[in-house]
Amino acid sequence: MQPIRTERTTITAAIPADSAALARYSVRNADHLSPWEPERPEGWHSESAWYTRLVANAAEVRAGRYLPLVARLHDETEIVAVANLSNIARGVFQACSIGFSVDAAHEGQGVMREVLEAALGHAFSEMGLNRVMANHLPENTRAAGVLYRLGFEQEGYARRYLKIAGVWRDHVLTARVASQEAAAAGAEGVREAAATARVV
Ligand SMILES: CC(C)(COP(=O)(O)OP(=O)(O)OC[C@H]1O[C@@H](n2cnc3c(N)ncnc32)[C@H](O)[C@@H]1OP(=O)(O)O)[C@@H](O)C(=O)NCCC(=O)NCCS
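In the numbering used here, the protein residues as written are 231 to 430.
And the structure:
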């Protein structure tokens with residue numbers, strides 16, 4: 231994936247070379263993220279643990295089933311936000327889930343929205359997906375806020391859906407579906423790809 235440049239950030243696919251920056255991001259945001267994430271095992275935040283995970287996930291990324299994104303403010307080395315597109319499904323589904331967070335020091339500045347807007351643009355326009363799903367704890371009003379501002383709609387409420395901070399927790403299920411124009415562009419892309427495939 232080519233880097234995506236937004237007004238304030240540059241977004242790239244996370245690679246093993248990002249391990250140190252991801253370790254620093256997860257360490258300095260551990261308290262900020264822990265209420266909303268699974269319990270992390272001992273050593274989870276270390277650079278070597280990040281390196282191992284990124285290398286282990288590389289096959290999933292190559293297969294197009296997973297896309298971890300990291301965002302940095304222009305000309306900064308530190309990661310300011312992350313957005314992970316997971317469970318990318320093709321065929322008749324053309325969907326994925328998205329998980330995200332912003333550095334605590336940059337919360338409430340619209341950075342997450344800016345990064346997610348670009349990530350969603352990539353998911354719908356470049357990847358041709360039809361649906362992006364995001365789930366949040368009922369009390370996670372900040373997550374709900376950014377999602378609804380970006381056009382996500384609640385689709386359901388799942389009981390005991392994910393084990394967060396060691397406890398099975400209900401989640402609000404939300405999704406954004408591709409606009410008709412984007413879907414048409416995606417269909418055009420698929421037709422072009424099919425035509426090229428036949429020529430080759
Ligand atoms: C959920 C989370 C990503 C939301 O981040 P956020 O910074 O609140 O989201 P946004 O980028 O949409 O920022 C919105 C705020 O920035 C303000 N803002 C300031 N400048 C802005 C700008 N240029 N553009 C847009 N909004 C701007 C908005 O007014 C809004 O303020 P408010 O929260 O006081 O109403 C963040 O709280 C987080 O990382 N939480 C921990 C992890 C988590 O819960 N992840 C989601 C799991 S489902």
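Glycine residues also receive a C-beta, built at the ideal position from the N, C-alpha and C atoms.
In this text the structure is predicted, and so the values were computed from the model without any measurement.
Identify, in the order they occur along the chain, each residue of the same chain with its Cβ nearer than 6 Å to the Cβ of residue 361, setting aside the five sequence neighbours on each side. 325, 405, 407
Within 7 Å: the Cβ of residue 263 and any heavy atom of ligand 1? yes
Count the other CB atoms within 10 Å of the CB of residue 241; is the residue buried (16 or more) or exposed (fewer)? buried
Work out the CA separation of residue 251 and residue 265 for me, nearest whole Å. 22 Å
Could you tell me the boundaries of the beta strand (DSSP E) in which residue 400 lies? 397-407
Out of 259, 375, 347, point me to the one whose CA is closest to residue 310's CA. 259
From residue 385 to residue 327, what does the alpha carbon distance come to, in whole angstroms? 14 Å
Status (buried if at least 16 other CB within 10 Å, exposed otherwise) for residue 330: buried
Candidates 400, 396, 282, 382, of which the one nearest residue 409 by Cα: 382
Work out the CA separation of residue 372 and residue 389 for me, nearest whole Å. 21 Å
With a cut-off of 8 Å, do at least 3 Cβ pairs link the region 271-280 to the region 288-298? no
Span of the alpha helix (DSSP H) around residue 291: 277-292
Please indicate yes or no: does the CB of residue 366 lie closer than 7 Å to some heavy atom of ligand 1? yes
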